[in-house]
Structures are given as C-alpha cells and as structure tokens.
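Report on the following structure.
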Amino acid sequence: MADRVEAKFESLLEAAPDAMVGVDQAGMIRFVNRQTEALFGYDRAELIGVPIETLVPEASRHVHPARREGYFADPRTRSMGAGLDLSGRRRDGTQFPVDISLSTIDTEDGLLVTAAVRDITERKKLEAKFESLLEAAPDAILSKTLEGIITAWNPAAERLYGYSAAEAVGAPISFLLPPGRVDDIAELLARVGRGERIEHHETTRICKDGRIVDVSLSVAPIRDSRGVLIGASTIARDITDRKRAEESARAAAERSEHALRMAEERFHAAFDDAPVGVVITDLTGKWLQVNTAFARLTGYSMAQLRQMTAVDLLSPDDMAGRSAYKAEVFNARESRDISNTIRHSDGHLVWVHGVTAPMYDEAGTQVGFISHIEDVTARRQMEEDLLSAERRYRSAFESAPVGMAQLDLDGRLVEVNEALGDLLGYTASRLRGRTTIELTHPDDVERTVDAIAQLAAGELTSFHAEQRYRHADGHPIWVALSIAAVTDSRAQVQHLLAHCLDITDRKRFEAELAHLADHDPLTGLLNRRGFEAELDRQAADVTRYGPSGALIMLDLDRFKEVNDTLGHLTGDELIVSIGEVLKRTVRATDIVARLGGDEFAIILPHALRADAQAVADKLVRAVRNQVTVLGGDHRRAVTASAGVAMFDDPGLSGEGVLLNADLAMYDAKSAGRNGYAFYNGVSPKHPPTKARLDWVERINVALEQDLFELHAQPVLDLRTGRVSRYELLLRMLDDDGAITGPDAFLHTAERTGLIGRIDRWVTGQAIDLLAHPDLPPDTVLEVNISGLSVGDADLLTFLEERFTESSADPSRLVFEITETAAVGNVQAARTFAKRLTDIGCQFALDDFGSGFGSFYYLKHLLFDYIKIDGEFIANCITSQTDQLVIQALVTIAHGMNKQTVAEFVGDEETLRFVASQGIDFAQGYHIGKPDVIDELIRGHGRGSSPDPVHT
C-alpha cells in the first residue's frame, strides 16, 4: 500500500507544471522531477545528493536554517513561505529569475523540504514592459497605500482629474470625493485589504476645476516580494459620456459589482493544499478527485464538482476539441499543455492554463489523467491591455501630424514617424540611426547636447525649446522641440521621446513684425519708435563718455502743396525718393529715420560741428539736385530745410536734442527754406526759434486757464438719414477771444511732449459731455488722438479712471487715429485698440487709404470704423480711380463686419454716390460745419433733433 501511495505521489510530482526539488535536513537534493531536468539542464542522476545551492545559490538563507537542531520539530516551521523571487543557475552557468514556493512534508526518513521552482523570465520582461508603457496608458492609473495616501499618478490621471503629479502624490485619495456624495473610498480600501480585486466599480469623483465626473474603477492589491499587502493600484476610466447616454435612454441603474477573488495559495505536498487547481479524472472525464484551489477557480463547491464532468465546465468554443485532445494525450503517453476557457458558476468565463498528464497503475495501464490548472485571466487581460496600449501608441506615433522620434540615451534616432521625415526632407529609413547632432543647426547644437545629457541622467524630465534643424537640402527649419524622458517603474530612464512642430512660418512672420515695429512701412527707414531708441542710446553714450555727435532734422519745403495739388500717391512717391537720397548721401554708420509725414532725422554718432555742417549742406543740395516731382507737364525740383543740433551737453536728453534740432530747422525755413541752420540757443537774433518757444508757453497757458474748446461736426447715418454722432474738433482761444485751429500748435505740442496733456484734456471733456443730462442717450462722439499717444499707458489708465467715476457709456465714444500714425507702430496700435475695446470704447482708422500698404494693415489692427480719406471722396464723381478705391474699401470693411465713414462730402451728388456704394456714415460741409459744443447741447436740450438729410 505504501508503494502505491509513493507511486501516486511521485506521479503527482512528475506531472507538476513546475520544477519540483526535494531537499533533506542537510540541504542536499533527494529527488527532482523531469521539469527540473528541463529547466536547469542537468540529468536527474547528476543532481541527487548535491546541495540545493547548485540550482539556487541564494536558497541557503531560506532552506539551510532547517539544519539547526529541533527546527523541523517546530510546527511553525512546516510552511516556510511562497513566492520568493530568487535567481536560478543552469548547468551552463547562466542565471535566470525564478519564483520558489517552499513547504515541508513528513516522510519515513524525516521531514523533507520541497521547493516548486518556476522560471519567471517572461513575467519579469512583461512587468518591465508594463512599467515602460504605464506612462502611455490611455486610462488614469494611480496607486495608494492602504491608508489611502496616493503614491503614483500617471499623465492620464492628470488629464482626467486636472491635478499634476506633484499636487496629487502624497495627498489622501479622499480629496477626489465629491462633497455630499457617498464615501466609497474606505469601503474600497477595506476590500482591497482583504485581498480582493475590484473590477468596473462605477462611482463619481470631483476634478480640480469642480467638475463631477463618472468613473469606472478597477482596483487591485499591491504586494511586496514577500506577498505582504502594501497598497492598491487603481485604473480609472472616464465614463461620464456613457453614463449620460444611459441616463437619457433609461433610468439610472447600478451595475452589480463583480469581485474576482485572486489568491495565491502556498504549494503543499498534500493534494488539497496545492496552490493551483489539481484534478484527477478517469478515462471518461469523470472527476475522481479535485482540490480546494480548483473549487475556488470554478466557483462550485467540492460536493457540486464531484457530480460534474469536465464537459460541464467547458465553454462552447472548447468542447469540440476535447475528444481530439484526450486522444492526443492518451496516444502520446506524455503530458500536454492546455489553454482554454471554463465557465464559472456565476456564468463568466475564466481563462485557464494547465498541464494534463496520463496516470498509470502499477501494471502500466493508463487509468486516468491528472491536471494542474491555473487561472490566467488577469495575465491574459494584462497581455491584451499591453498589446492594445502598444497598438494605440504605435498608431498615434506613426500617424501623428507632428514629427516624432524615439531616441536612445545618446540622442540617436531609433524610431521616427513619417511626419518627421517630411519635415526634414528624409525618408524614415534614412533618419534611423542618425543623431540629433547631425540634424541640428550648429548654433543650437550645444544646448541640445546638454539637454539630452541631463535627460539621460534623470536630471531633467522634459526639455522644451525653439531651435533650428537642417533640412536635407541644407536650409534651416525652425521647430518647437519637446523631449521627454520615458522611465520604468524604478524611475530609470529607458529612452527619450521627441516631438517637433514646424514653426518656420511663424518665426518668419515674427521677424517681419519685429522689423515693422521699428521701421517705416513706406520707406523702410527707422520709424519714430526705432529712432527714439537710437536717440536715447546716443544720449546715454554722451552722458557716459562726453559730448560727441550731431542730430539733423530735415523737412521738405511746401510738402503740403504736393499732397493737395498732386495727391497723396505722388506725395508717397516723393517720400520714398527722399528716403533713398538720404540713405545714399550719409555714411553706413549714420542713422536715418522717418519720423512721420515729410519729417526725417539723421544721427551722426561721432561727428564734430564741422562734420555736421558739411553733411547738412550735402543733404540739402542732394535733395534739391536729385529729387523732382511731376507738376503739370513738367518736372519741378524739391527743396528741403534742415536743422542741426550737437550732442554737446551731457545733461541734455535725447528728446531735448531733438527739440533743439527741430527749432533750428524752423529757423532754416524762416530764413527762406532750401538751407540749414544750427541751434545756438534762444536769443533775440533767432526770432523764429523764440516764436516756436512762445507756442509752448501759449499751450501751457491754454491748458492751465482752460482756453481750449471743442467744436462738433455732425456725422450723417446714411441708413436712417439722421445725425446722432459728432466728431469733436479742438480749437484754442486767444486772449481776445479769437479762435486758432490745431494746425498752428499741434506740431509744437508733439515736438515738446505736450500732446499727451492735450489728448487727456480732449478725452476728459468728451467723457464729461457724454454724461451731460441734456445730451440724448443715443449720441455718439468721435475724438482724435495723436499718434504719439498710441500705446500711452498713462492715457489708458486716465480713461479707465474717468469712466469709473462717470456715468458715461464707453460704447458711445469712438477714438480716431490716422492710419499713417497707427502703422508707424503696429504692435502699439494693436495693444492700444485692445485696451480701448476692453474699456468698452470703439476705435476708428482716420484718413484711411492715404498711407502705403493700407490693405495689408487691415488684418493687423483692431478697429470698428474706417474713415475713408477725403482725397478719394472729394473727386469721386469724376475720378474712376477714386470710385474703385472706395468700392474696394467698402467691400473689405463690410466683409470684416466693420463700418465705413466718408469724409469731405461737399455736395448732394457726392452724398448720393457714397450712399449708393454702401458707405454707412458721411461727414463734410454739405452735412454740416463744425460748431461750438454748447450749441449742440442747447439744441438737444430743447428737445429738437436735426432734420433728416435725404439721400
């Protein structure tokens, strides 16, 4: 009988799926099965009687304590542990990872330690691969301690909940619990603490932005290498959309939780204590004996299983192959692996993997089968999830619209997508194996090398930069580069992932905008903004190193006559010609700028007085000799006047030197034009200069004594035929009550910096007028501001404060700025208009069409109205060219949902024409002349309204 039991036991060991090794109390091997021979490469005879360390070098600290006297007599040492991760050593010396489960059994010769050894190389690879793909997982994955403290947080969790890893890790998981909702966190942690694996638990969580999202949670226990439960991992999937769809189709229904009890049992020599399911059947498939592990796997009780056969558990997909499988096992007389699905008692399918071997009696006759069966559902699901994640990553990588590359830690391209090849002009195969250094522009190589080194060393997690690559044909390409370090579960950097977005066009556009910000669009010279920066730089050099250099202001003589008689187009052509002459006449180191209109300025950085005099004389003669305009049937010469000021006072600002040169220029004009003059200070010998300074005094007096007043010119609404808006025009009162127009003093105000005070006075008066109780509530007022006030932060602050203090409606105030002033500093004009829009005001481009490149700037400036330059309106009845320009401006403005205003409407015929073209508003002497603002208020105060103008 003992022989039969021993034969049955040895048959059981022989059919085990793992290598089985028996070790006596001295640590010497007493038996091995055929799986041990296959796994370690030894013959059975070579292993009997050798130390266990021959196969598992580290086994001594787990098995050898048994050598101590009395060790095996202690019942507490009979189960020595399972799930030990150690290293095995094959006959050829190679080492590989193994999982060892230890147990003890009583034999006639005493206690025997049995070790079930399993090769876990593939499992280790799978775990490493899983960790590297964790970052790319599409679902939120987090881990936490059994106390609910978050320990891991992947990018998908950041996207789902809105919290960064830095915010989440270390925080209690309860911060995701919505207020007033059922607290299921404690229950989930308690279930995980009992070893449960929770699938598809549907609940709600709160995001950082306050949104409540429905999530499906899968929670699994986390154990350390000794099998001790230390925490839980959670996969969270956003099911908000699905839940909403379900709620709209049917009443909310709670899904029952399916708990899969995952337990790893210790292997015991006794049949019922085996850690995997063990089944013994006869030749007909009837179960003769099953163990508790198999009962747990199927969900049936031991009594139920004894009344069933294997066919009762097989899924329909596997039943057809069962007979063939039995025949194959019987005929081959050897064990066979089996992988299929069985149906659990609750109806769900369980993936199992097992080894089935024939059983023989003492006479060698087959009497049945013995099978070791393991639940591999979780493993199969993990493999499928990993494959699915890898497929999604590969699809996203290859089809991404931006260039992507996987780099090794030396910066060499391992994988690239098609978009990167298109970007750089290479095929994907030609890019693989190249280094980023080969592709990077030489000026950006050092930064890239440093970044890759820091990423590879783990000093950086990501790197972002805008830099240049070299195309296959050699030209540079600007890219927005992002490189991220991809790490494994131990935070070791495995490889780098790079994204490249082509920003060449954006960089080109930025360079163009930067040039436009400091350069005049008509001549290509520096504009006032760029010139003032150079002027301040020169003044700073004088302050630091002493007097040096000169400034020349140059103004064309009677330029207004050219514009008035020959048109703005001829005037623009003349300005371009003057710019070319000035550039050709001075040295390359001298700085030439157009300040606006027909005013030019030249800085001579290191000139002495004699040098400045020679250059001024040369410039005036060059303009006279080289520049002409077509007047009538013949050409006529153009002359200029110049003023020269030296940087001879270290305490004088650049603005002061500019004023001195401007005053000297007007001395030259007063002396008969077509010449130049030096600034020598104010004295009775220079009455024009003194008169110029007198205007400064008069402006200050007017501001202090309230000697400015506003006149209002009506603007006709061509759709209704009524006047409800007015343009406010500035006038100065003399001591005797005489009125002076702005042309007499605005130039001086701009030159001396007083224009800002004037603009604040005008806008302040307009706001007060809008708040006047006698002004109809639909009245809209338009005010003009200087181009120098564009971008004035103090003016914007002033407006915000005045509107806050006043009851005036900001939407009824329209700010006008000339197109030429706006395009002189596009970015400042954009910012200024944006702030006005934020306040609630409106913005209009005045004299539109008079500048060079008007249509180009329509897309760069924010505005509500276009006021078409009067030159195109005044002669539109007889000029087909003017008519075409008007039609183009109206079409573009209406296409951009903007309104148009026609200036200089002088007669009824012109009024009818502009109305027929779809222009929205009109103003001019035919509509009404400017009048004092008090008359406007008094007229409306009587309850009257302007008569409709019939168009």
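Just so you know, the numbering used here puts 692 at position 686 of the sequence shown, and the rest follows in order with no gaps. Backbone N, C-alpha and C define an ideal beta-carbon position, used for all residues, glycine too.
Can you list, in chain order, the residues of its chain with a C-beta nearer than 7 Å to that of residue i? Leave out the 5 residues immediately preceding and following it.
| i | result |
| --- | --- |
| Glu141 | Asn160, Pro161 and Val492 |
| Val629 | Ile584, Val587, Val644, Thr645 and Ala646 |
| Ser351 | Thr304, Gly305 and Tyr306 |
| Asp798 | Gly762 |
| Ala177 | Ile156 |
| Thr209 | Asp190, Val221 and Leu223 |
In whole angstroms, what is the alpha-carbon distance linking residue i and residue j?
| i | j | result |
| --- | --- | --- |
| Leu819 | Leu775 | 10 Å |
| Arg157 | Asp145 | A small fix is needed here, since residue 157 is Thr in this sequence, not Arg. C-alpha separation (whole angstroms): 17 Å. |
| Gly793 | Thr510 | 33 Å |
| Asn631 | Tyr672 | 22 Å |
| Arg397 | Gln412 | 16 Å |
| Val650 | Pro656 | 17 Å |
| Ala622 | Ile872 | 40 Å |
| Val663 | Asn686 | 12 Å |
| Ala457 | Val420 | 18 Å |
| Val702 | Lys513 | 45 Å |
| Pro611 | Asp668 | 18 Å |
| His521 | Asn533 | 10 Å |
| Arg97 | Ser341 | 24 Å |
| Ala677 | Arg641 | 25 Å |
| Asp913 | His932 | 5 Å |
| Arg302 | Asn346 | 17 Å |
| Arg731 | Ala718 | 9 Å |
| Asp428 | Ala894 | 40 Å |
| Leu735 | Phe854 | 18 Å |
| Ile879 | Gly930 | 10 Å |
| Arg436 | Asp479 | 14 Å |
| Leu311 | Val284 | 13 Å |
| Glu567 | Gly577 | 9 Å |
To which residues of the same chain is residue i closer than 6 Å at the C-beta, ignoring the five residues directly before and after it?
| i | result |
| --- | --- |
| Thr240 | Leu148, Leu223 and Val225 |
| Leu562 | Asp604 and Ala646 |
| Leu53 | Ile35 and Val38 |
| Arg418 | Thr441 |
| Ser488 | His470 and His505 |
| Ala121 | Val27, Ile106 and Leu108 |
| Ala171 | Trp159 |
Determine the burial state of residue i: buried for a count of at least 16 other Cβ atoms within 10 Å of its Cβ, exposed for fewer.
| i | result |
| --- | --- |
| Glu877 | buried |
| Thr110 | buried |
| Tyr475 | buried |
| Lys840 | exposed |
| Leu166 | buried |
| Gly216 | exposed |
| Lys131 | exposed |
| Arg187 | exposed |
| Ala497 | exposed |
| Lys624 | exposed |
| Thr726 | exposed |
| Ser93 | exposed |
Can you tell me which residues form a DSSP beta bridge with residue i?
| i | result |
| --- | --- |
| Thr110 | Val119 |
| Asn790 | Glu822 |
| Glu472 | Ala486 |
| Met738 | Phe714 and Thr746 |
| Thr362 | Arg342 and Ser377 |
| Trp701 | Beta-bridge pairing links Trp701 to no other residue. |
| Leu560 | Phe606 and Ala648 |
| Leu148 | Trp159 and Thr240 |
| Phe37 | Gly28 |
| Val598 | Ile608 |
| Met410 | His505 |
| Ile925 | Answer is none; Ile925 lacks a bridge partner. |
Please return the same chain residues whose Cβ sits closer than 8 Å to the Cβ of residue i, not counting the five positions on each side in sequence.
| i | result |
| --- | --- |
| Gln473 | Thr446, His447, Asp450, Arg453, Thr454, Trp484, Val485 and Leu487 |
| Phe565 | Gly577, Leu580, Gly603 and Asp604 |
- Query: If we count Cβ pairs, one from each stretch, closer than 8 Å, do we get three or more for the region 618–638 versus the region 579–593?
  - Reply: With a cut-off of 8 Å, the region 579–593 and the region 618–638 count as touching, because enough Cβ pairs lie within range.
- Message: Can you confirm whether the region 613–625 touches the region 539–552 when touching is taken to mean that 3 or more C-beta pairs between the two stretches lie within less than 8 Å?
- Response: no
- Can at least three beta-carbon pairs, one atom from the region 408–417 and one from the region 363–382, be found at a separation below 8 Å? Verdict: no, contact absent.
- Message: Any contact between the region 801–815 and the region 766–773? By contact I mean 3 or more CB pairs, one from each, below 8 Å.
- Response: yes
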